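Asks: Each residue of the sequence shown is one higher than the one before, starting from -4 at the first, in the working numbering. Ideal Cβ positions, reconstructed from N, Cα and C, are used throughout, including at glycine. As the structure is a prediction and not an experimental result, all values here were calculated from the model.
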Amino acid sequence: MTNLAKLPVTVITGFLGSGKTTLISHLMQNPGGKRLAVIVNEFGDVGVDGEILKSCAIPDCPAENIMELANGCICCTVADDFIPTIEALMALEPRPDHILIETSGLALPKPLLKAFDWPDIRSKITVDGVIALADAEAVAAGRFASNVAAVDAQRLADESIDHETPLSEVFEDQISCADIILLTKPDLAGPEGVAKAKQVIAAEAPRPLPVVEVAEGAVDPRIILGLEAAAEDDMDARPSHHDDHDDHEHDDFESIVVQIPELSEPEQLVQAIEALANKHNILRVKGYASVAGKPMRLLVQAVGARVRHQFDRPWKPEEDRVGRLVVIAEHDDINVDAIRSVLVPAPQAAE
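1. Using the C-alpha atoms, what's the distance from D307 back to R202?
2. Does the beta-carbon of K180 have 16 or more other beta-carbons within 10 angstroms, so that it is buried, or is it exposed?
3. Can you tell me whether DSSP reads L2 as helix, strand or coil?
4. Here's a check: name, in chain order, each residue in its chain whose Cβ is nearer than 7 Å to the Cβ of I329, leaving out the five neighbours to either side.
5. Taking A110 as the reference, give the member of A190, L278 and I81 with the closest Cα.
6. For the candidate residues N276, I34, S13 and L204, whose alpha-carbon lies nearest to that of P91?
7. Rounding to the nearest angstrom, what Cα-Cα distance links N142 and V165 in this structure?
8. Give me the Cβ distance between A131 and L178, rounded to the nearest whole Å; I'm assuming they're in contact under 8 Å.
9. Residues bridged to R303 by DSSP?
10. Thinking V265 and V280 are a contact (beta carbons under 8 Å), I'd like their distance in whole angstroms, please.
11. Would you call the region 220 to 227 in contact with the region 290 to 305, where contact means no fewer than 3 C-beta pairs closer than 8 Å?
12. Taking the alpha-carbon of V322 as reference, which of S20, V253, A284 and I116 has the nearest alpha-carbon?
13. Indicate whether A95 and I176 have their beta-carbon atoms separated by less than 8 Å.
14. Consult DSSP for L271 and reduce its assignment to one of helix, strand or coil.
15. What residue ranges within the region 154 to 211 form continuous alpha helix (DSSP H) runs of no fewer than 4 residues, ordered along the chain?
16. Where does R233 land, buried or exposed, given buried means 16+ other C-beta within 10 angstroms?
17. Beta strand (DSSP E) containing A284: first to last residue?
18. Where do the ends of the alpha helix (DSSP H) carrying D347 lie?
19. Would S259 and S171 be called neighbours here (beta carbons separated by less than 8 Å)?
20. Are A135 and A184 close, meaning C-beta to C-beta below 8 Å?
21. Identify every residue that forms a DSSP beta bridge with H93.
22. In this structure, does DSSP put A287 in helix, strand or coil?
23. Our contact map puts V189 next to E208 with C-beta atoms below 8 Å; I'd like the distance itself, whole angstroms only.
24. So for E249, helix, strand or coil by DSSP?
25. Which of helix, strand or coil does DSSP assign to D115?
26. Distance check for D229 and L107, CA to CA, integer angstroms please.
27. Answer yes or no: the CB of L103 versus the heavy atoms of the ligand NAD, is any distance below 7 Å?
28. Between which two residues does the alpha helix (DSSP H) holding L107 run?
29. Can you give the Cα-Cα distance for K15 and A287, rounded to whole angstroms?
30. What separation, rounded to the nearest whole angstrom, lies between the Cα atoms of P89 and K29?
31. How big is the Cα-Cα spacing for N36 and L101?
32. Can you check whether the CB of V302 is closer than 8 Å to the CB of E257?
33. Thinking V337 and L11 are a contact (beta carbons under 8 Å), I'd like their distance in whole angstroms, please.
34. Based on the DSSP secondary-structure assignment, which residues constitute the bridge partners of G124?
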């Protein structure tokens, strides 16, 4: 049994758009009797995920228990950001029973586990488990995995294609580090897609892992909280592509923030994001927009060309009704001018 004096922490990892924020929102609403606290480590300086979670706050997980870290990867800012945040959460009255950490969608989880060996906290907290989310439809389609039959066939036909890409490495590292895999969006994948995704995950996993299908983040907290994995003491069983390196790279991916004017209708932005994904290999777009005549703010989240949007809350009186979007892509695909030209088209001249 894990030392009961240690505060359990669950690391929630998963590729861009796999549903981490949706899962945490559900856990906040259904904490299983635990008082939760949340750390959100976002990629980019627009705190979309943190604000979504704060809007879901309830007495068992109040807004002050939700902290955002947007100054870079947690494991690279241990002394400056991570340790003080953990200590601040542990000092809360009443003290949380369990901490959830939502990593960025491009995070490698193993370096984060190493951060738990930091002298100031290693005797106070333990990694109860690492939960990896995988988008069933995306995995079944051969995205974020290196051994899907269609991808293998393409590689065999073209010797110039790399056998490993930053995307596949991130996906594989997240699977390898996990204690449980949550297969999200099974409704979009369908039964055949779910079966294929499970085959891909089984092939990537270094050891047999339980795979649980989850729709809209709805999972019994007893399944993923209280695992007592003590993952920080189990590093050898969690292989990584970066085990031979002293550090890991963050240069493969880049984000920019684009300010967009008020829209006439949401479909205007949906079409722009779809075009952006198809023309410029954009991985993720998330943020907010203003729609003319609507008192509510439009929340926008896109994975590739798949765009979801909803009105999430009224604009506050002191807020400027200006949209801001975080756009994330591989480093070589970030063309700031081209991205802005798609999202913010030049005004048409009057006839």
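Replies: According to the structure shown:
1. 40 Å
2. buried
3. strand
4. E249 and I251
5. I81
6. I34
7. In this predicted model, N142 has a pLDDT of only 37, less than 50, meaning its place in the structure is not dependable enough to derive any value.
8. 5 Å
9. Q296
10. At roughly 10 Å, the Cβ-Cβ gap does not stay under 8 Å, so V265 and V280 are not in contact.
11. no
12. V253
13. The displayed chain sequence assigns Leu, not Ala, to residue 95. Not in contact: L95 and I176 (Cβ atoms no closer than 8 Å).
14. helix
15. 161 to 172 and 181 to 199
16. buried
17. I277 to A284
18. Absent from the structure is residue 347, since the part of the chain shown begins at -4 and ends at 346.
19. no
20. yes
21. L31
22. coil
23. 6 Å
24. strand
25. coil
26. 13 Å
27. Of the ligands one can find in the structure shown there are none, so the ligand NAD has no counterpart to examine.
28. P104 to A110
29. 30 Å
30. 12 Å
31. 10 Å
32. no
33. In fact, because the Cβ distance is near 19 Å, the residues do not count as touching under 8 Å.
34. T5
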